[in-house]
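Inspection log for the structure reproduced underneath, given as C-alpha coordinates.
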Amino acid sequence: MRLLLISDTHVPKRARDLPAAVWDEVARADVVIHAGDWVEPGLLDALEERATRLVACWGNNDGDELRRRLPERADVTLDGVRFTVVHETGASGGRDARMAKLYPDTDVLVFGHSHIPWDTTAATGLRLLNPGSPTDRRRQPHCTYMTATIADGALGDVVLHNLVPTSVDRRG
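For the sequence shown, position 12 (counting from the first letter as 1) is numbered 12 according to the UniProt record's numbering, and the numbering increases by one without interruption.
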(Lines of atoms letter the chains of each structure in order from A and count residues from 1; the text may use other names and numbers.)
(Lines give C-alpha, C1' and ligand atoms only; values in the text may rest on other atoms or scores of the structure.)
Protein backbone atom coordinates (compact mmCIF):
# COMPACT_ATOMS: atom_id res chain seq x y z
CA MET A 1 0.00 0.00 0.00
CA ARG A 2 1.38 3.39 -1.02
CA LEU A 3 0.76 6.45 1.19
CA LEU A 4 1.07 10.19 0.56
CA LEU A 5 1.43 12.36 3.67
CA ILE A 6 0.81 16.12 3.42
CA SER A 7 -0.09 18.95 5.77
CA ASP A 8 -0.29 22.72 5.96
CA THR A 9 -1.29 23.19 2.34
CA HIS A 10 -2.84 26.63 2.99
CA VAL A 11 -4.51 26.74 -0.45
CA PRO A 12 -5.23 29.36 -1.77
CA LYS A 13 -3.46 31.64 0.73
CA ARG A 14 0.09 30.28 0.36
CA ALA A 15 -0.30 28.75 -3.11
CA ARG A 16 -2.93 28.69 -5.85
CA ASP A 17 -2.90 24.89 -5.85
CA LEU A 18 -0.78 21.94 -4.82
CA PRO A 19 2.43 21.54 -6.81
CA ALA A 20 2.15 19.21 -9.81
CA ALA A 21 4.51 16.70 -8.17
CA VAL A 22 2.09 16.35 -5.25
CA TRP A 23 -0.88 15.81 -7.57
CA ASP A 24 1.17 13.12 -9.32
CA GLU A 25 1.65 11.42 -5.93
CA VAL A 26 -2.09 11.70 -5.22
CA ALA A 27 -2.71 9.71 -8.41
CA ARG A 28 -0.22 7.01 -7.34
CA ALA A 29 -1.26 6.75 -3.68
CA ASP A 30 -3.66 4.19 -2.28
CA VAL A 31 -4.24 6.52 0.69
CA VAL A 32 -3.67 10.27 1.07
CA ILE A 33 -3.21 11.50 4.66
CA HIS A 34 -3.63 15.25 5.28
CA ALA A 35 -2.83 16.64 8.74
CA GLY A 36 -4.79 19.89 8.54
CA ASP A 37 -4.50 23.58 7.65
CA TRP A 38 -6.34 23.34 4.36
CA VAL A 39 -7.62 26.97 4.74
CA GLU A 40 -10.38 26.67 2.10
CA PRO A 41 -12.69 23.70 1.33
CA GLY A 42 -11.85 23.67 -2.40
CA LEU A 43 -8.74 21.55 -1.91
CA LEU A 44 -10.67 19.10 0.28
CA ASP A 45 -13.25 18.79 -2.52
CA ALA A 46 -10.50 18.16 -5.08
CA LEU A 47 -8.73 15.56 -2.94
CA GLU A 48 -11.99 13.78 -2.16
CA GLU A 49 -12.57 13.55 -5.90
CA ARG A 50 -9.05 12.56 -6.96
CA ALA A 51 -7.68 10.47 -4.08
CA THR A 52 -8.42 6.76 -3.93
CA ARG A 53 -8.88 7.17 -0.17
CA LEU A 54 -8.46 10.25 2.03
CA VAL A 55 -7.79 10.32 5.77
CA ALA A 56 -7.68 13.85 7.17
CA CYS A 57 -8.26 16.25 10.05
CA TRP A 58 -8.71 20.00 10.38
CA GLY A 59 -6.06 22.46 11.55
CA ASN A 60 -5.99 25.74 13.44
CA ASN A 61 -6.34 27.80 10.22
CA ASP A 62 -9.45 25.92 9.09
CA GLY A 63 -12.86 27.55 9.40
CA ASP A 64 -16.32 26.31 10.24
CA GLU A 65 -17.04 24.40 7.01
CA LEU A 66 -13.81 22.40 7.17
CA ARG A 67 -14.38 21.73 10.88
CA ARG A 68 -17.87 20.42 10.09
CA ARG A 69 -16.55 18.11 7.39
CA LEU A 70 -13.39 16.85 9.09
CA PRO A 71 -12.55 15.54 12.56
CA GLU A 72 -10.02 17.14 14.89
CA ARG A 73 -8.45 13.68 15.19
CA ALA A 74 -8.66 10.95 12.55
CA ASP A 75 -7.93 7.32 13.45
CA VAL A 76 -7.57 4.58 10.86
CA THR A 77 -6.01 1.14 10.64
CA LEU A 78 -4.34 0.43 7.30
CA ASP A 79 -3.24 -3.16 6.71
CA GLY A 80 -2.82 -3.66 10.45
CA VAL A 81 -0.94 -0.39 11.10
CA ARG A 82 -2.80 1.99 13.44
CA PHE A 83 -2.60 5.66 12.40
CA THR A 84 -3.72 8.78 14.22
CA VAL A 85 -3.80 12.09 12.33
CA VAL A 86 -3.86 15.39 14.25
CA HIS A 87 -2.75 18.89 13.40
CA GLU A 88 -0.78 20.10 16.40
CA THR A 89 1.39 18.29 18.94
CA GLY A 90 2.86 21.22 20.87
CA ALA A 91 6.52 22.08 21.41
CA SER A 92 9.18 19.87 19.87
CA GLY A 93 10.98 19.39 23.20
CA GLY A 94 9.71 16.17 24.79
CA ARG A 95 7.31 15.57 21.90
CA ASP A 96 8.06 11.86 21.49
CA ALA A 97 7.39 10.95 25.13
CA ARG A 98 4.37 13.28 25.37
CA MET A 99 2.73 11.85 22.25
CA ALA A 100 3.49 8.26 23.28
CA LYS A 101 1.51 8.90 26.48
CA LEU A 102 -1.36 10.59 24.62
CA TYR A 103 -1.62 7.96 21.87
CA PRO A 104 -0.72 4.59 23.45
CA ASP A 105 -2.86 2.64 20.97
CA THR A 106 -1.33 4.22 17.86
CA ASP A 107 1.55 2.93 15.75
CA VAL A 108 2.04 6.06 13.61
CA LEU A 109 1.14 9.65 14.51
CA VAL A 110 0.94 12.01 11.52
CA PHE A 111 0.86 15.70 12.41
CA GLY A 112 1.53 19.15 11.00
CA HIS A 113 1.33 22.78 12.15
CA SER A 114 5.04 23.66 12.26
CA HIS A 115 5.72 23.20 8.51
CA ILE A 116 8.94 21.54 9.72
CA PRO A 117 9.48 17.90 8.71
CA TRP A 118 9.80 15.44 11.58
CA ASP A 119 10.50 11.70 11.61
CA THR A 120 11.25 10.10 14.97
CA THR A 121 10.34 6.99 16.90
CA ALA A 122 9.43 7.21 20.59
CA ALA A 123 10.80 4.72 23.12
CA THR A 124 7.41 2.98 23.01
CA GLY A 125 7.74 2.39 19.26
CA LEU A 126 5.32 5.17 18.24
CA ARG A 127 6.50 6.65 14.92
CA LEU A 128 5.94 10.42 14.63
CA LEU A 129 5.79 11.92 11.14
CA ASN A 130 5.34 15.53 10.06
CA PRO A 131 5.55 15.89 6.27
CA GLY A 132 6.20 19.65 6.46
CA SER A 133 4.33 21.76 3.90
CA PRO A 134 4.25 21.43 0.11
CA THR A 135 3.40 25.13 -0.28
CA ASP A 136 5.04 27.09 2.57
CA ARG A 137 8.55 26.13 3.57
CA ARG A 138 8.66 28.44 6.58
CA ARG A 139 12.27 28.40 7.94
CA GLN A 140 13.13 25.32 5.87
CA PRO A 141 15.21 25.12 2.68
CA HIS A 142 12.40 23.40 0.74
CA CYS A 143 8.69 22.80 0.67
CA THR A 144 8.13 19.12 1.45
CA TYR A 145 5.83 16.11 1.57
CA MET A 146 6.30 12.45 2.51
CA THR A 147 5.53 9.11 0.94
CA ALA A 148 5.55 5.74 2.67
CA THR A 149 4.50 2.17 2.14
CA ILE A 150 2.80 -0.48 4.22
CA ALA A 151 3.73 -4.09 3.57
CA ASP A 152 3.22 -7.18 5.71
CA GLY A 153 1.56 -5.08 8.43
CA ALA A 154 4.50 -2.70 8.83
CA LEU A 155 5.25 0.88 7.83
CA GLY A 156 8.27 1.20 5.55
CA ASP A 157 10.00 3.28 2.93
CA VAL A 158 9.23 6.64 4.58
CA VAL A 159 10.70 9.27 2.25
CA LEU A 160 10.79 13.04 2.67
CA HIS A 161 10.50 14.73 -0.73
CA ASN A 162 11.84 18.25 -1.31
CA LEU A 163 10.00 20.57 -3.71
CA VAL A 164 11.23 23.66 -5.52
CA PRO A 165 8.36 26.17 -5.74
CA THR A 166 7.55 27.51 -9.19
CA SER A 167 5.71 30.65 -10.16
CA VAL A 168 2.77 28.46 -11.19
CA ASP A 169 2.54 26.83 -7.74
CA ARG A 170 3.09 29.89 -5.53
CA ARG A 171 0.78 32.81 -4.79
CA GLY A 172 1.61 36.22 -6.16
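The beta carbon of each residue, even a glycine, is placed where N, CA and C say it ideally should be.
Apart from the five residues just before and just after residue i, which ones in its own chain have a Cβ nearer than 8 Å to its Cβ?
i	result
Thr-9	Ala-15, Leu-18, His-34, Asp-37, Trp-38, Val-39, Leu-43, Ser-133, Pro-134, Thr-135
Thr-147	Arg-2, Leu-3, Leu-4, Leu-5, Glu-25, Ala-29, Asp-157, Val-158, Val-159, His-161
Arg-98	Thr-89, Gly-90
Arg-73	Cys-57, Thr-84, Val-85, Val-86
From this set, the options, which residue's C-alpha is nearest residue i's C-alpha?
i	options	result
residue 211	Arg-50, Ala-46, Asp-107, Arg-95	There is no way to answer for residue 211, as the model of the chain reaches only from 1 to 172.
Gly-153	Ala-29, Ala-56, Phe-83	Phe-83
Leu-129	Ala-123, Val-158, Leu-70, Tyr-103	Val-158
Thr-121	Thr-147, Arg-137, Val-11, Leu-155	Leu-155
Val-86	Trp-58, Ala-51, Val-11, Val-31	Trp-58
Gly-63	Pro-117, Thr-77, Val-31, Pro-41	Pro-41
Trp-118	Leu-70, Gly-80, Gly-93	Gly-93
Arg-53	Leu-66, Val-32, Leu-102, Glu-65	Val-32
Ala-123	Thr-144, Arg-137, Ala-100	Ala-100
Suppose you measure from the CA of residue i to the CA of residue j; what does that come to, to the nearest Å?
i	j	result
residue 175	Glu-48	The structure shown does not extend to residue 175, since the chain is modelled only from 1 through 172, so no value can be given for it.
Ala-113	Asn-60	Correcting the residue type first, residue 113 is His in the shown sequence and not Ala. Distance between the alpha carbons of His-113 and Asn-60 is about 8 Å.
Glu-25	His-142	17 Å
Asn-162	Thr-149	18 Å
Thr-89	Arg-139	18 Å
Pro-12	Ile-6	15 Å
Ala-51	Ala-27	7 Å
Leu-78	Val-164	31 Å
His-115	Asp-105	26 Å
Leu-109	Arg-68	22 Å
Leu-70	Asp-45	12 Å
Going by DSSP, name the residue or residues bridged to residue i.
i	result
Asn-130	Trp-118
Gly-156	Thr-149
Arg-2	Thr-149
Arg-73	Partner(s): none; Arg-73 has no beta bridge.
Where does residue i land, buried or exposed, given buried means 16+ other C-beta within 10 angstroms?
i	result
Ala-20	exposed
Val-127	Sequence inspection shows Arg at residue 127; the Val mentioned does not correspond to that position. Arg-127 is buried by the Cβ-count criterion.
Ala-56	buried
Pro-131	buried
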